[in-house]
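**Student:** One structure, pasted below without further comment.
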Amino acid sequence: MGIGFMLDPATDLDDFVGTDSEKVDDQACQMAVRCGIITAVDIPKLTAEILEFKTEKRRGGEAERVKFSESSPQYYWGSKSEKKSFRYPLLKKVADIVFAIPTSSAASERARSIFDHIHSKRRNRLSVEKVEMLAFIYINYGIIESDEHDLARHQSRPESVEVDN
Numbered sequence: 001m002g003i004g005f006m007l008d009p010a011t012d013l014d015d016f017v018g019t020d021s022e023k024v025d026d027q028a029c030q031m032a033v034r035c036g037i038i039t040a041v042d043i044p045k046l047t048a049e050i051l052e053f054k055t056e057k058r059r060g061g062e063a064e065r066v067k068f069s070e071s072s073p074q075y076y077w078g079s080k081s082e083k084k085s086f087r088y089p090l091l092k093k094v095a096d097i098v099f100a101i102p103t104s105s106a107a108s109e110r111a112r113s114i115f116d117h118i119h120s121k122r123r124n125r126l127s128v129e130k131v132e133m134l135a136f137i138y139i140n141y142g143i144i145e146s147d148e149h150d151l152a153r154h155q156s157r158p159e160s161v162e163v164d165n
């Protein structure tokens, strides 16, 4: 959570409590090593990027925070990486992972529910790839169809769903 706070361009680093600002540097490095972004040899390089980013962020002050207050941190980091002179390539990789993590367990629980629905007692021999493909279709079905169908209800009680042919 502290890593995301540090990487968000709209937050004030002075809002860290106690030594959290220093701890987040180590946490970001540990996370980068665990995720395979860097090796232990690259920790000083990532630390230098973190310190430079934090210095630049503090220098920007309130005006910079207000400027980015309505934008997503994901878009901020995505737009920065398109420039050839981007100074934080390792930190950008950390940001990509941090901001891809769902903020709540709702998305994970929804995916688990869909997988449980697809991988029923009747379909217990489906391969992982097949279940993932069916889940993709299930999740994206509403996008390609103009009207909404409750696929779970349709599977359990097909007679209760009216389908126009």
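Quick note on numbering: UniProt numbering labels position 62 of the sequence shown as 62, and the sequence is numbered without any gaps.
We put the beta carbon where it would ideally sit given N, CA and C, even for glycine.
Can S55 and D25 be called in contact, C-beta distance under 8 angstroms?
**Tutor:** Contrary to the premise, residue 55 reads as Thr rather than Ser in this sequence. Going by C-beta atoms, T55 is not nearer than 8 angstroms to D25.
**Student:** Where W77 and D96 are concerned, what is the direct C-alpha to C-alpha distance, given to the nearest angstrom?
**Tutor:** Within the model, the alpha-carbon separation for W77 versus D96 is close to 8 angstroms.
**Student:** What are the start and end residues of the alpha helix (DSSP H) that includes P44?
**Tutor:** I43 to K67
**Student:** In whole angstroms, what is the alpha-carbon distance linking E52 and F115?
**Tutor:** Between E52 and F115, the C-alpha separation is close to 43 angstroms.
**Student:** Hey, how far is the Cα of I37 from the Cα of L126?
**Tutor:** Between the C-alpha atoms of I37 and L126 there is a straight-line separation of about 33 angstroms.
**Student:** Report all residues from its chain with a CB closer than 8 angstroms to the CB of I73; omit the five preceding and five following residues, and keep chain order.
**Tutor:** In the sequence under discussion, the amino acid at residue 73 is Pro, which differs from the Ile named in the question. Hits under 8 angstroms: G4, L7, D8, P9, A10, A95 and F99.
**Student:** Determine the direct distance from the alpha carbon of M31 to that of E62, and round the result to whole angstroms.
**Tutor:** In a straight line, the C-alpha of E62 is about 29 angstroms away from that of M31.
**Student:** With distances taken Cα to Cα, identify the nearest neighbour of D15 among R65, S108, P44 and R87.
**Tutor:** R65
**Student:** Cα-Cα, which of A111, H119, R58 and K121 is closest to N140?
**Tutor:** A111
**Student:** Please work out which residues of its chain come closer than 7 angstroms, Cβ to Cβ, to S69, disregarding the five sequence neighbours upstream and downstream, and give them in chain order.
**Tutor:** Beyond the five residues adjoining it in sequence on each side, S69 comes within less than 7 angstroms, by CB distance, of A10 in the same chain, given in chain order.
**Student:** Terminal residues of the continuous alpha helix (DSSP H) containing residue 201?
**Tutor:** This structure leaves residue 201 out entirely; the chain is present only between 1 and 165.
**Student:** Taking only beta-carbon positions, decide if V131 is within less than 8 angstroms of chain B.
**Tutor:** Absence of chain B from the displayed structure is noted, only one protein chain being present.
**Student:** Where does G18 fall in DSSP's three states?
**Tutor:** coil
**Student:** Just to check my reading of the structure: I118 and V131 have Cβ atoms closer than 8 angstroms, yes? What is that Cβ distance to the nearest angstrom?
**Tutor:** 6 angstroms
**Student:** My guess is that L13 and K57 are in contact by the Cβ rule of under 8 angstroms, so how many angstroms apart are they, rounded?
**Tutor:** Approximately 6 angstroms separates the beta-carbon atoms of L13 and K57; this is inside 8 angstroms, confirming the contact.
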